[in-house]
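In my numbering, the protein residues as written are 3 to 465.
For every residue, glycine included, the Cβ atom is placed at its ideal position computed from N, Cα and C.
To start, the structure itself, in structure tokens.
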């Protein structure tokens, strides 16, 4: 193909993209004219964002009283309060006055977030996860920034990025993993784990990535202020935030997705992506599948170098290259499940089950909950909450091939209830038969034949 012809085709493609955008905008405007409403701010941003080369230079106009009010309605008022100890209801007593004052400070550039209150949450491995709790007013600004960034970057994200995105879920990532491996054509898997990812993202490198898409310096300055806001430690000491996106922040998930989209997703698609080489990512959890082992080994080597150049690192102990062929005995964990090859009748198929550590944690948490709350609430309320906990566990882990682990969790929850309900007073409340009768009359879980099990692969008869 001659250079003149190629240039002409590229020109036509650009014109076609521009025409499509203008047509979409006109259609949206006509619909809005018909309903008597202007296109919503999300629509206006998302339409322009379909052009992946578009650079946005006036985003601050989208932070206004209407959007701040939308943020106020969206934020859960039951969440923990920040250092100012102002609740949603207290802030809402003079809502219009408070929002007008906040908007004035945001638009003038004088807004400064209060220090975030750090809370340490135990992890399943015995370590602690720091959660940064912002003041309510800062949550409003955080929500607005996160919502705008989501509309800007959604068109740039790859299909197999599932974490913290509209209309995406962990179950979508699980299914993508399963069907990538099921036929055995991509048996060479790479499981990766980041070392303290959210708390190690370099602010400077993240801002450089944002500047490729955003030219509005006031908006970029607002993002930077949210990133670099101070942290109040549990000891009361206030320290600057010099690195990382604060876990617990409303905009943190989208900022993390933007960073990993640049560092991993686009790089993988450009250099490795094909029918035989697939990425599946949920936030900072990712697995990769390859047809050829030497390609998987090469990828691991280059990935380690690439993430290091962006200021983050892999946990070498939990980053592996695995053989998951049809005769494999190896397994990997992803989003609370263990993927492995297991027998189904006379042959081996790809299966999944609840990850051992997650199952033990769920059982322990249920046991501790009923032990601590058995005397705080009426039996009716305890029973209702217990059923909700069991149903929630089933809703997430309830794949047909995982029914044994589901039943294990249910049986342990059943035992915990029987033990601690019998210790609400000095008098024993239930015999085993009496408790079985209560469960029969007030089921804690649907009968196995009535459960709508999630399907993966082929089901060989009734389970």
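Return the chain-ordered list of same chain residues with a C-beta closer than 7 Å to the C-beta of residue i, the five sequence neighbours on each side being excluded.
i, result
"residue 365", "411 and 414"
"residue 408", "396, 399 and 400"
"residue 147", "224, 225, 228 and 253"
"residue 385", "444"
"residue 109", "62"
"residue 375", "384"
"residue 107", "113"
"residue 69", "43 and 146"
"residue 86", "116 and 137"
Assuming contact is defined by CB atoms lying nearer than 8 Å, are residue i and residue j in contact in what I supplied?
i, j, result
"residue 351", "residue 459", "yes"
"residue 77", "residue 142", "yes"
"residue 418", "residue 369", "yes"
"residue 186", "residue 138", "no"
"residue 291", "residue 188", "yes"
"residue 196", "residue 263", "no"
"residue 312", "residue 207", "yes"
"residue 250", "residue 134", "yes"
"residue 203", "residue 258", "yes"
"residue 183", "residue 305", "no"
"residue 279", "residue 295", "no"
"residue 242", "residue 230", "yes"
"residue 430", "residue 377", "no"
"residue 74", "residue 94", "yes"
"residue 357", "residue 338", "yes"
"residue 286", "residue 199", "yes"
"residue 402", "residue 320", "no"
"residue 266", "residue 205", "no"
"residue 277", "residue 301", "no"
"residue 220", "residue 111", "yes"
Under a three-way DSSP split, which group does residue i fall into?
i, result
"residue 466", "Nothing about residue 466 can be read from this structure; the chain reaches only from 3 to 465."
"residue 190", "strand"
"residue 157", "helix"
"residue 333", "strand"
"residue 253", "coil"
"residue 72", "helix"
"residue 181", "helix"
"residue 344", "strand"
"residue 239", "coil"
"residue 266", "helix"
"residue 278", "coil"
"residue 316", "strand"
"residue 283", "strand"
"residue 324", "strand"
"residue 356", "strand"
Residue i and residue j look like a contact to me (Cβ under 8 Å); what is the Cβ gap, rounded to whole Å?
i, j, result
"residue 48", "residue 153", "5 Å"
"residue 269", "residue 308", "6 Å"
"residue 284", "residue 191", "The pair is not a contact, with the Cβ atoms about 15 Å apart (cut-off 8 Å)."
"residue 404", "residue 446", "Incorrect: roughly 18 Å between the Cβ atoms, too far for contact."
"residue 289", "residue 193", "5 Å"
"residue 91", "residue 218", "Rounded, the Cβ-Cβ distance is 34 Å, inconsistent with contact."
"residue 256", "residue 155", "7 Å"
For residue i, which residues of its own chain have a beta-carbon under 8 Å away from its beta-carbon, when the five flanking residues on both sides are left out?
i, result
"residue 432", "420, 423, 424 and 440"
"residue 89", "79, 83 and 138"
"residue 222", "209, 212, 213 and 216"
"residue 140", "84, 115, 116, 118, 228 and 231"
"residue 97", "71 and 74"
"residue 329", "343 and 350"
"residue 297", "190, 274 and 279"
"residue 38", "In this prediction, residue 38 has a pLDDT of 44, which is less than 50 and means its spatial position is unreliable; nothing more can be read from the coordinates."
If I measure Cβ to Cβ from residue i and keep anything under 6 Å in the same chain, skipping five residues before and after, which residues do I get?
i, result
"residue 281", "162, 270 and 290"
"residue 57", "217"
"residue 240", "117, 232 and 234"
Does the CB of residue i have a neighbour CB from chain B at under 8 Å?
i, result
"residue 296", "Absence of chain B from the displayed structure is noted, only one protein chain being present."
Under 8 Å: do the region 318-335 and the region 161-168 share three or more Cβ pairs, one atom per stretch? no
Would you check if there are 3 or more beta carbon pairs closer than 8 Å linking the region 100-109 to the region 124-133? No: fewer than three Cβ pairs fall under 8 Å.
Kindly confirm or deny that the region 228-245 and the region 103-118 touch, where touching means at least three C-beta pairs closer than 8 Å. The region 228-245 makes contact with the region 103-118, as at least three CB pairs between them are under 8 Å.
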